[in-house]
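Visitor: Structure below; questions to follow.
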Amino acid sequence: MSMRAVLEVIALDVEDAVAARAGGAARLELVTDMAAAGLPPPVATVAAIRAAVDIDLRVMLRLTDGFAAGDVSRLVGVAEELREAGADQFVLGFLDADGGVDLAAVERLADVLDGCAWTFHRAIDRAADRAALRKQLAGCPGLDTYLTAGSPAGADEGLPTPIAEAGRRGEPGYGQELLVGGGLRLEHVPRLRAAGIDAFHIGGAARPAGWGGAVSETAVREWRRVLDGAAARQVVP
Numbered sequence: 144m145s146m147r148a149v150l151e152v153i154a155l156d157v158e159d160a161v162a163a164r165a166g167g168a169a170r171l172e173l174v175t176d177m178a179a180a181g182l183p184p185p186v187a188t189v190a191a192i193r194a195a196v197d198i199d200l201r202v203m204l205r206l207t208d209g210f211a212a213g214d215v216s217r218l219v220g221v222a223e224e225l226r227e228a229g230a231d232q233f234v235l236g237f238l239d240a241d242g243g244v245d246l247a248a249v250e251r252l253a254d255v256l257d258g259c260a261w262t263f264h265r266a267i268d269r270a271a272d273r274a275a276l277r278k279q280l281a282g283c284p285g286l287d288t289y290l291t292a293g294s295p296a297g298a299d300e301g302l303p304t305p306i307a308e309a310g311r312r313g314e315p316g317y318g319q320e321l322l323v324g325g326g327l328r329l330e331h332v333p334r335l336r337a338a339g340i341d342a343f344h345i346g347g348a349a350r351p352a353g354w355g356g357a358v359s360e361t362a363v364r365e366w367r368r369v370l371d372g373a374a375a376r377q378v379v380p
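Each residue of the sequence shown is one higher than the one before, starting from 144 at the first, in this note's numbering.
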């Protein structure tokens, strides 16, 4: 059985996508406007990236910075346009004013996505009760991944949370893949791999020049090397 970890890299354009793929990324998260923490990319960008690389693409569905759904009808229209352009995996997640999951918005989009795989993004790190959120979404069609740093402040503070959740696999609401990201650094990898976590998400860590620069194939390749080395150490003779 393969022990290779998933490495997901944020891509803004074709150049990013090609570099990430060459460095060993298994999946891309497609966004635009990182000043707003990532919004849906133009349909033309999604189509161009799909033509350029042969790995999985997860496309952001969010209208504004933050975790309120806003105009759900408009979101539905964006989702339909992206699906027509060939997108078949997505990233979304919305909270209400009290920090609970906005179940109506999430379920409406899940219905439009019609079985497409999707990630509930770091809104979970802002939830008033993340365990309750997981239980509410347990049977939501297409939901197969949670992206989390464990804390709004990032992985440095939040790492114990996904590690604890990894130990609850098999419980109701804990069947989805844990994708850890948000201030993730290479030194976090051994502890996460030891807990059985095998999916990792990087954005700024793939860009030595910052968000004004492109994804670095070299940086992604180093993450791939470290993840593969950590996986090899998990194999029991």
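In this text, a Cβ means the ideal position worked out from N, Cα and C, and glycines have one as well.
Could you tell me how far apart the beta carbons of Val202 and Val234 are, in whole angstroms, since I believe they sit closer than 8 Å?
Guide: The Cβ separation is near 7 Å, so the contact holds.
Visitor: Assign Ala349 to one of two classes, buried (16 or more other C-beta atoms within 10 Å of its C-beta) or exposed (fewer than that).
Guide: Ala349 is buried by the Cβ-count criterion.
Visitor: Straight-line CA distance for Ala222 to Asp241?
Guide: Their backbone Cα atoms lie some 26 Å apart in a straight line.
Visitor: Unbroken beta strand (DSSP E) runs of length 3 or more, entirely within the region 222–260: which are they?
Guide: DSSP runs (the beta strand (DSSP E)) wholly in the region 222–260: 232–235.
Visitor: What are the start and end residues of the alpha helix (DSSP H) that includes Asp159?
Guide: Asp159 -> alpha helix (DSSP H) spans 157–166.
Visitor: Starting from the N-terminal side, write out each stretch of the alpha helix (DSSP H) that is 4 residues or longer and does not extend beyond the region 163–226.
Guide: Segments of the alpha helix (DSSP H) lying fully in the region 163–226: 186–195.
Visitor: Using a Cβ-Cβ cutoff of less than 8 Å, which residues in the same chain neighbour Arg217 once the five nearest sequence positions on both sides are dropped?
Guide: Once the five neighbours on either side are set aside, the close Cβ partners of Arg217 are Leu206.
Visitor: Is the number of C-beta pairs between the region 149–158 and the region 362–370 that are closer than 8 Å three or more?
Guide: Touching, per the Cβ criterion.
Visitor: Would you call Glu314 buried or exposed, if buried means 16 or more other Cβ atoms sit within 10 Å of its Cβ?
Guide: Flag for Glu314 reads exposed.
Visitor: Determine the extent of the beta strand (DSSP E) in which Gly324 is found, giving its start and end residues.
Guide: Note, Gly324: beta strand (DSSP E), 320–324.
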